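In order, the protein sequence lines correspond to chains H and E. Heads up: the first sequence runs through residues 93 to 280, numbered per the working numbering. Heads up: the second sequence runs through residues 58 to 211, numbered per the working numbering.
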Amino acid sequence: MSRLRNDDDGGVLVLAVIFVFVVGLLGGAIATFASASLTQTSSLGKGRTQEYAAEGAIQVAIQRVRDLNTVATAPGYGGTACPTTSVTIPATTGALSTSLTVVCVVGQASVPFQRKIVFAACPSGTSDVNCLSGQATFTPVPKAAALVVATTLYYDLPNGCTTVGSSCALTPGTSVDISGWDASAVTG
Amino acid sequence: MLYAMIRARLRAEPSDSGDTLLEVVISSAVVGIAAVALIGALLTSITASSEHRSLTVNDTALKSYADAAVQQIQRQASANWQGCAASYTVTAPTNMPSNYSVALSGAQYWTGSGNSGSWTSSCPGATAPQLLTVTVTSPTQVATSVSFVVRKPT
């Protein structure tokens, strides 16, 4: 025992432990950094997929309202309620399929034969009022579940016409402008 | 402490007893095992970092190409949209990374049914929205895809 106290026995072991400890900390830090980077990249990928899926679902809904060839419920129009559309974007490499519900609500347009329609895409299973409310009062209010919100303006007369006439037939949704596009709720 | 150890070693008789040798052996074993483990961890980190870079570049390339495709097919003044188009030729953005391959799939078409519908390979009408998928593959064969929808422009 006296030898152990008086010489340097154990010094190598202490240095080895210190070395292992320090390098272990460095290795752990690098591994943590790499893991966090990969996790964040994966999360960003999911967010990107969700955003494109939501935008695509809204494009489908916009076209569907055009193809219905009817004037959706709007002040002064009467008619059909703006329809809810369910869209599933199939899975891609590295991403799962995404199912969404697109709710639309008609707002107040300032010009006759134009309709302001707001679309909101929400995760499938979200109720209409929890996605976009205001159907009855023509005041669209996006809710927290809305991933992407698009504000559109539907023109129901050909370009250059202000009223229905012989060369200005009522053609619901003859053209559409997108005046607002908000994807800030997409996380990733 | 280190100074005291060195001074003690200078004072001490040179010792080649088994104790020190045993400790050196044990220490070497500990360091060796730890070094193997740490080098393995570092190699894993390096591989993960490379993968991370590939995925990040893939993501950027995907967004750039998909947005360029939407712009050219649907948004620009003289859009390339074609009803029931089988596929599109898209001019890739100039900032696409080199050595990364990009492929744009053939279109699928939205076939509505009530309040829902599905994507089919048969086109129900010239105004049917089209689903396109772009896939970017890195030089290390990491492939990432994203699907996007284009519709008949105004």
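The beta-carbon is built from N, C-alpha and C at its ideal position, and this holds for glycine as well. Note that the structure is a prediction, hence the values are computed from the model and not measured.
#1: Between which two residues does the beta strand (DSSP E) containing H:Cys253 stretch?
#2: Pull up the distance between the alpha-carbon of E:Gly56 and that of E:Ser144, whole angstroms please.
#3: Pick from H:Gly120, H:Val268, H:Gln227: whose alpha carbon is nearest that of H:Asp248?
#4: Taking 9 Å as the cut-off, decide whether the C-beta atoms of H:Ile270 and H:Thr244 are in contact.
#5: Let's test the definition: count the other Cβ atoms within 10 Å of the Cβ of H:Val203 and tell me whether it reaches 16, buried, or not, exposed.
#6: Let me know if H:Ala146 comes out buried or exposed under the rule of 16 or more other beta-carbons within 10 Å of its beta-carbon.
#7: Does E:Ser135 pass the burial test, meaning 16 or more other C-beta atoms within 10 Å, or should it be called exposed?
#8: Can you find a heavy atom of the ligand SAH that lies under 8 Å from the Cβ of H:Val104?
#9: Using three-state DSSP, classify H:Arg95 as helix, strand or coil.
#10: List, in chain order, every chain H residue whose beta-carbon is nearer than 7 Å to that of E:Gly169.
#11: Roughly how many angstroms lie between the CA atoms of H:Ala173 and H:Val278, to the nearest whole one?
#12: Determine, using beta carbons only, whether H:Gly194 and H:Ile150 come nearer to each other than 9 Å.
#13: Using a Cβ-Cβ cutoff of less than 7 Å, which residues in the same chain neighbour E:Asn152 once the five nearest sequence positions on both sides are dropped?
#14: What are the partner residues of H:Phe211, as DSSP defines its beta bridges?
#15: Return helix, strand or coil for H:Val104, following the three-state DSSP convention.
#16: Would you give the residue range spanned by the alpha helix (DSSP H) that H:Val221 belongs to?
#17: Count the C-beta pairs between the stretch 88 to 95 of chain E and the stretch 162 to 170 of chain E that are closer than 8 Å, then say yes if the count reaches three, no if not.
#18: From H:Thr162 to H:Leu130, what distance separates their C-alpha atoms?
#19: For H:Thr180 and E:Ile96, what's the separation of their Cα atoms in angstroms?
#20: Which residues of chain E have a Cβ atom closer than 9 Å to the Cβ of H:Gly257, listed in chain order?
#21: Under 6 Å Cβ to Cβ from H:Ala281, same chain only, skipping five residues before and after it: list those, please.
#22: Thinking just about the alpha-carbon of each residue, which of H:Phe205, H:Ser191, H:Ala242, H:Ile209 is nearest to the one in H:Gly217?
#23: Give a yes or no on whether the minimum CB-CB distance between H:Pro182 and chain E is below 9 Å.
#24: Spatial neighbours of E:Trp176 within its chain, please: C-beta separation below 8 Å, excluding the five flanking residues on both sides.
#25: Determine the burial state of H:Gln132: buried for a count of at least 16 other Cβ atoms within 10 Å of its Cβ, exposed for fewer.
#26: Using only the alpha-carbon positions, how far apart do E:Ser111 and H:Leu262 sit?
#27: I'd like to know whether the C-beta atoms of E:Ala200 and H:Thr185 end up nearer to each other than 9 Å.
#28: What residues in the stretch 128 to 148 of chain E have a beta carbon less than 7 Å from any beta carbon of chain H?
#29: Using a Cβ cut-off of 7 Å, pull out every chain H residue sitting near E:Ser102, in sequence order please.
#30: Who are H:Gly257's beta bridge partners in DSSP?
#31: Put H:Ala128 into one of helix, strand or coil per three-state DSSP.
#32: In the structure shown, what three-state DSSP assignment does E:Val207 receive?
To lay it out plainly:
#1: Position 161 of the first sequence, counted from the first residue, corresponds to residue 253 of chain H. Per DSSP, H:Cys253 belongs to no beta strand (DSSP E) and is neither H nor E.
#2: The requested residue 56 of chain E is not part of the displayed model; chain E covers only 58 to 211.
#3: By 1-based counting over the first sequence, the position of residue 248 of chain H is 156. Nearest option by C-alpha distance: H:Val268.
#4: The residue given as residue 270 of chain H occupies position 178 in the first sequence. The residue given as residue 244 of chain H occupies position 152 in the first sequence. Taking 9 Å as the Cβ cut-off, H:Ile270 and H:Thr244 qualify as a contacting pair.
#5: Working through the first sequence from its first residue, we reach residue 203 of chain H at position 111. Per the 10 Å Cβ criterion, exposed.
#6: The residue labelled residue 146 of chain H in the question sits at position 54 within the first sequence. The residue in question, H:Ala146, is buried, as its Cβ has 16 or more Cβ neighbours within 10 Å.
#7: Position 78 of the second sequence, counting from 1, holds the residue named residue 135 of chain E. Taking a 10 Å sphere around the C-beta of E:Ser135, we find fewer than 16 other C-beta atoms and assign the residue as exposed.
#8: Among the components of this structure there are no ligands whatsoever, and the ligand SAH is therefore not found.
#9: As a working mapping, residue 95 of chain H is identified with position 3 in the first sequence. The predicted position of H:Arg95 is uncertain, since its pLDDT is 47 and thus under 50; no value can be drawn from it.
#10: Within the second sequence, residue 169 of chain E is the residue found at index 112, counting from 1. Chain H residues near E:Gly169: Arg156.
#11: Counting from one through the first sequence, the residue named residue 173 of chain H turns up at place 81. Counting from one through the first sequence, the residue named residue 278 of chain H turns up at place 186. Approximately 27 Å, taken between the alpha carbons.
#12: Walking along the first sequence from the start, residue 194 of chain H turns up at place 102. Walking along the first sequence from the start, residue 150 of chain H turns up at place 58. Going by the sequence as given, residue 194 of chain H is Val instead of Gly. Their beta carbons are under 9 Å apart, which means H:Val194 touches H:Ile150 by this criterion.
#13: Along the second sequence, read from residue 1 onward, the residue named residue 152 of chain E stands at position 95. For E:Asn152, where only same-chain residues beyond five positions count, the Cβ hits under 7 Å are Ser121.
#14: Here residue 211 of chain H corresponds to residue number 119 of the first sequence, with the count starting at 1. DSSP links H:Phe211 through a beta bridge to H:Cys196, H:Ala242.
#15: As a first step, residue 104 of chain H must be located in the first sequence, where it is residue number 12. Residue state, collapsed to three classes: helix.
#16: Counting from one through the first sequence, the residue named residue 221 of chain H turns up at place 129. Unbroken alpha helix (DSSP H) run through H:Val221: 220 to 223.
#17: no
#18: For the purposes of this step, residue 162 of chain H is taken as the residue at position 70 of the first sequence. For the purposes of this step, residue 130 of chain H is taken as the residue at position 38 of the first sequence. Those two C-alpha atoms are separated by around 48 Å.
#19: Taking the first sequence and counting its residues from 1, the one referred to as residue 180 of chain H is at position 88. Taking the second sequence and counting its residues from 1, the one referred to as residue 96 of chain E is at position 39. Those two C-alpha atoms are separated by around 45 Å.
#20: Against the first sequence, residue 257 of chain H aligns to sequence position 165. None at all; the shortest Cβ gap to chain E is about 22 Å.
#21: Because chain H here runs from 93 to 280, residue 281 of chain H falls outside it and cannot be looked at.
#22: Walking along the first sequence from the start, residue 217 of chain H turns up at place 125. Minimum Cα distance to H:Gly217 is reached at H:Ser191.
#23: What you label residue 182 of chain H is simply residue 90 of the first sequence in a count that begins at 1. Judged by the 9 Å Cβ criterion, H:Pro182 is in contact with chain E.
#24: One-based indexing of the second sequence puts residue 176 of chain E at position 119. Gln165, Tyr166, Trp167, Thr168, Leu188, listed in sequence order.
#25: By 1-based counting over the first sequence, the position of residue 132 of chain H is 40. Flag for H:Gln132 reads exposed.
#26: Taking the second sequence and counting its residues from 1, one reaches residue 111 of chain E at position 54. Taking the first sequence and counting its residues from 1, one reaches residue 262 of chain H at position 170. In a straight line, the C-alpha of E:Ser111 is about 53 Å away from that of H:Leu262.
#27: Residue numbering aside, residue 200 of chain E sits at position 143 when the second sequence is read from its first letter. Residue numbering aside, residue 185 of chain H sits at position 93 when the first sequence is read from its first letter. Yes, the Cβ-Cβ distance between E:Ala200 and H:Thr185 is below 9 Å.
#28: none
#29: Against the second sequence, residue 102 of chain E aligns to sequence position 45. Ile122, Ala123, Ala126, listed in chain order.
#30: Numbered from its first residue, the first sequence carries residue 257 of chain H at position 165. Paired residue(s): H:Cys260.
#31: For the purposes of this step, residue 128 of chain H is taken as residue 36 along the first sequence, with counting starting at 1. Helix, per DSSP.
#32: As a first step, residue 207 of chain E must be located in the second sequence, where it is residue number 150. In this structure, E:Val207 counts as strand in the three-state DSSP scheme.
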